[in-house]
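Asks:
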Amino acid sequence: MRSLVGLIAVVAAASVYLYSLSLYLPAGPRRRPPPPARRERVDTDESPGSSAGEDSRLKFPSDLEELRELAELLQFYKTEHTGYVLLLFCSAYLYKQSFAIPGSSFLNILAGAIFGPYEGLLLACVLTTVGSTMCYLLSHAFGKRYIVNFFPDKVSVLQRKVEDNKDCLFFFLLFLRFFPMTPNWFLNMSAPIVNIPITFFLGSVFIGLLPYNFICVQTGAMLSEVSSLDDLFSWERLLQLLAIAVVALLPGALIRRYSQTRLKLDVQSQNGLITDKKVQ
1 MRSLVGLIAV
11 VAAASVYLYS
21 LSLYLPAGPR
31 RRPPPPARRE
41 RVDTDESPGS
51 SAGEDSRLKF
61 PSDLEELREL
71 AELLQFYKTE
81 HTGYVLLLFC
91 SAYLYKQSFA
101 IPGSSFLNIL
111 AGAIFGPYEG
121 LLLACVLTTV
131 GSTMCYLLSH
141 AFGKRYIVNF
151 FPDKVSVLQR
161 KVEDNKDCLF
171 FFLLFLRFFP
181 MTPNWFLNMS
191 APIVNIPITF
201 FLGSVFIGLL
211 PYNFICVQTG
221 AMLSEVSSLD
231 DLFSWERLLQ
241 LLAIAVVALL
251 PGALIRRYSQ
261 TRLKLDVQSQ
271 NGLITDKKVQ
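Counting from 1, one number per residue, gives the positions in the sequence shown under the UniProt record's numbering.
1) Which one of 13, 125, 87, 137 has the shortest CA to CA distance from residue 191?
2) For chain D, check one thing: does any of its Cβ atoms lie closer than 7 angstroms to the Cβ of residue 14?
3) So what does DSSP say about residue 142, is it helix, strand or coil?
4) Note down the Cα distance separating residue 112 from residue 216, rounded to an integer number of angstroms.
5) Taking the continuous alpha helix (DSSP H) assigned at residue 205, which residues delimit it?
6) For residue 108, which option in 24, 89, 3 has the closest C-alpha, if you only look at C-alpha atoms?
7) Count the other C-beta atoms from every protein chain shown that fall within 10 angstroms of the C-beta of residue 150, then say buried if there are 16 or more, exposed otherwise.
8) From 144, 139, 129, pick the residue whose C-alpha is nearest to that of residue 177; which is it?
9) So the alpha helix (DSSP H) residue 292 belongs to, where does it begin and stop?
10) Using beta-carbon positions only, say whether residue 73 and residue 22 come within less than 7 angstroms of one another.
11) At a cut of 8 angstroms, does the region 151-167 reach the region 13-20 through at least three beta carbon pairs?
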């Protein structure tokens, strides 16, 4: 009971902090004068209630349209309030990762749209690693008993596979990140229960999710720069898409080749988890 109360207290405190941070938007930078043809419509939009409308849009995006609107708003504020936008983005990302809330792909895309392909990728990789580690620590402190009670079979299967591959545990964890037979959220929460060292956990998250983060961030960076279909199908964009495909496929192919000779893995999955069939 004490662990449940502690977890609820942590979630409540984090929620209050994030909500408070989203409410105290600094004064936005002055907009550029709009073209004459649009001036009348913009003046109508920028009524006294328009700033409240912008504030209300500070929420986790649930689709691409909300993602686009949020990216435009944060890009607008980033011109003069980079520190605030960075703090808000990091806080929201860590909130989702720490409490295993779905939707990290939208935030990765948002990172590319706001911070660019390189800074966005570094930020996404660091935040993914830190947030997953916080989830690991929260599970270790508060959630062990509940996870075992809710997912006894899944924890048992994962425990057995960890023991089978303890001689090459780091590569086994990389395999699970590249080929998520076990969902990432479940692996983050169950890792301390099946005795995965936190050092191996950290490295496997940073390296194993790098291709996924790269794809999402590059997608966000491209979408923020594309204004027409002609831009999307230019040689520069096509080369970027080719690079994304190589980065996504090459590490996975190398890990799979290594797994066929060194790891004791299952080639089929059942109910989101690996089965008992081993690779010879």
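We treat Cβ as the ideally placed atom computed from N, Cα and C, and that holds for glycine.
Replies: In brief:
1) Start at 1 with the first residue of the sequence shown, and residue 191 comes out as number 191. The option with the nearest alpha carbon to residue 191 is 137.
2) Among the chains of the structure shown, chain D does not appear; only one protein chain is present.
3) Numbered from its first residue, the sequence shown carries residue 142 at position 142. Helix.
4) Numbered from 1 along the sequence shown, position 112 holds the residue referred to as residue 112. Numbered from 1 along the sequence shown, position 216 holds the residue referred to as residue 216. About 7 angstroms.
5) By 1-based counting over the sequence shown, the position of residue 205 is 205. Residues 198-208.
6) Taking the first residue of the sequence shown as position 1, residue 108 is located at position 108. When each option's Cα is compared against that of residue 108, the closest is 89.
7) Position 150 of the sequence shown holds residue 150. It counts as exposed.
8) Taking the first residue of the sequence shown as 1, we reach residue 177 at position 177. Checked all of 144, 139, 129; the closest Cα to residue 177 is 129.
9) For the chain, the structure presents residues 1 to 280; residue 292 sits outside this window and is missing.
10) As a first step, residue 73 is located in the sequence shown; it is residue number 73 there, counting from the start. As a first step, residue 22 is located in the sequence shown; it is residue number 22 there, counting from the start. Contact: no.
11) no
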